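As structure tokens, the structure follows; a few thoughts come after it.
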């Protein structure tokens, strides 16, 4: 859970959704209240999680996946230094049951240190 430091206001959730210890590879997911979007909270949180994963867990790859139409989530990944690796066409179902595509963003240790 994310809270604003100044007043403990609940901002949203962020965490690690997929772990592959063989690599090690991690996937980060996040959600923010609409009223708190666009203020840098998600980007700051993603950067903090990545730092911990690279330093503490020796991550070799961190991913962020989002709906191809979710431009706000894509912007968070890009501001945090991630690179668009692929767009998986017709990868999942949306809330209405139709097909949607998924963006896959990646960050590697050598890029995060630059």
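In my numbering, the protein residues as written are -4 to 109. Here a beta-carbon is modelled for each residue, glycine too, at the ideal position from N, C-alpha and C. Keep in mind it's a predicted model, so treat the numbers as computed, not measured.
Of all C-beta pairs linking the region 53 to 67 to the region 81 to 99, three or more are shorter than 8 Å, placing the two stretches in contact. Bounds of the alpha helix (DSSP H) holding residue 106 are 104 to 107. Here DSSP, grouped into helix, strand and coil, assigns residue 84 to strand. Annotated as proximal: residue 48 and residue 21, with beta-carbon spacing under 7 Å. Per the DSSP secondary-structure output, residue -2 pairs in a beta bridge with 5. Here the alpha carbons of residue 24 and residue 10 stand approximately 6 Å from one another. In the three-state scheme derived from DSSP, where H, G and I count as helix and E and B as strand, residue 77 is classed as coil. Residue 97 is bridged by DSSP to 62, 83. Distance from residue 34 to residue 67 at the Cβ level is roughly 12 Å; contact not present, criterion being Cβ atoms closer than 8 Å.
Residue range 36 to 51 is occupied by the alpha helix (DSSP H) that includes residue 42. Residue 22 has 13, 58 as its beta-bridge partners, per DSSP.
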